[in-house]
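In our numbering, the protein residues as written are 511 to 743. Just so you know, even glycine gets a beta-carbon here, dropped at the ideal spot from N, CA and C. Keep in mind it's a predicted model, so treat the numbers as computed, not measured.
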Amino acid sequence: MSFRATILTLYPEMFPGHLGLSLAGKALARGDWTLDTVQIRDFATDRHRTVDDTPAGGGAGMVLKPDVLGRAIDHASGDDARPRLLMSPRGRPLTQERVRELASGDGVTIVCGRFEGIDQRVIEARALEEVSIGDYILSGGEPAALVLLDAIVRILPGVMGNDLSGVHESFEGGLLEHPQYTRPQEWEGREIPAVLTSGNHGAIDRWRRDEALSLTKERRPDLLAKAATIRKG
Numbered sequence: 511m512s513f514r515a516t517i518l519t520l521y522p523e524m525f526p527g528h529l530g531l532s533l534a535g536k537a538l539a540r541g542d543w544t545l546d547t548v549q550i551r552d553f554a555t556d557r558h559r560t561v562d563d564t565p566a567g568g569g570a571g572m573v574l575k576p577d578v579l580g581r582a583i584d585h586a587s588g589d590d591a592r593p594r595l596l597m598s599p600r601g602r603p604l605t606q607e608r609v610r611e612l613a614s615g616d617g618v619t620i621v622c623g624r625f626e627g628i629d630q631r632v633i634e635a636r637a638l639e640e641v642s643i644g645d646y647i648l649s650g651g652e653p654a655a656l657v658l659l660d661a662i663v664r665i666l667p668g669v670m671g672n673d674l675s676g677v678h679e680s681f682e683g684g685l686l687e688h689p690q691y692t693r694p695q696e697w698e699g700r701e702i703p704a705v706l707t708s709g710n711h712g713a714i715d716r717w718r719r720d721e722a723l724s725l726t727k728e729r730r731p732d733l734l735a736k737a738a739t740i741r742k743g
């Protein structure tokens, strides 16, 4: 069974976006994964197809209505067991571990918010898992949904040309990825580190590990602290 992604959005034309290209696009064409979009506005019942209203208690912006969005979610996912995700800056940060968990399942249903967000009652009633891709604000959930799907699709079986490509990437071993080099041997006076062309695979592995540790310590010391906590636990 192929991985099935369903996107609830006010802008279905934004999909598949870049996921229709390169390896992900080829996998989509082969049916290794499928993508469906649901236009939230189709579930409005008034003649203006209204999907939002002013925030209860006052404030700027508009909020997606629970009745409209609830009907859309029920239509999109029904009683299936796929996780229901809401792209939200207040959600739990997306990790490679969570990406792998999602990729191992049958698929996902992703709700893309707009405006000031969605009614909290929908989140609770439809058991939406809020997911954040970073500490910043986007114009809507669609770009975030594409990022999440990109991370998932690329590790689905058969999508990457070499299944080992993902093994030594950043976050897969709890560290940032080591530096990469390729020919020519010398470029603008800069040489490929000699160890990488030595043919000594043990030395190469040690060098890569040391470089990964050094980069992680410099740029993401929080990852090292997390790893140490896990070891102690």
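Cβ contact annotation for Leu734 (same chain, cutoff 7 Å, sequence separation greater than five): Thr726, Lys727, in chain order.
Partner residues in the beta bridge of Thr516, as assigned by DSSP, are Asp546, Thr619.
Between Arg600 and Ser642, the gap from beta carbon to beta carbon is short of 8 Å. Arg557 counts as exposed, since fewer than 16 other beta carbons sit within 10 angstroms of its beta carbon. Secondary structure at Arg700: strand, using DSSP grouped into helix, strand and coil. Separation of Pro653 and Phe625 (C-alpha to C-alpha, rounded to the nearest whole angstrom) is 14 Å. Contact between Thr544 and Arg592 does not hold, since the beta-carbon distance rounds to 12 Å and is not under 8 Å. DSSP places Ser642 within a strand segment (E or B) once states are collapsed to three.
When DSSP states are grouped into helix, strand and coil, Arg600 belongs to the strand group.
The three-state reading of DSSP puts Ile633 in helix, counting H, G and I together.
By the criterion of a C-beta distance shorter than 6 Å, Gly527 is surrounded in its chain by Leu656, once the five residues flanking it on both sides are discounted. Straight through space, the alpha carbons of Asn710 and Arg608 are spaced by roughly 35 Å. Taking one beta carbon from each stretch, the stretch 717 to 725 and the stretch 688 to 707 have 3 or more pairs nearer than 8 Å; the two touch. Contact check for Val548 against Ala582 passes: the beta carbons are separated by less than 8 Å.
Beta-bridge analysis with DSSP links Val657 to no other residue. For Lys536, the enclosing alpha helix (DSSP H) begins and ends at 532 to 540. With fewer than 16 other beta carbons inside 10 angstroms of its own, Lys736 counts as exposed.
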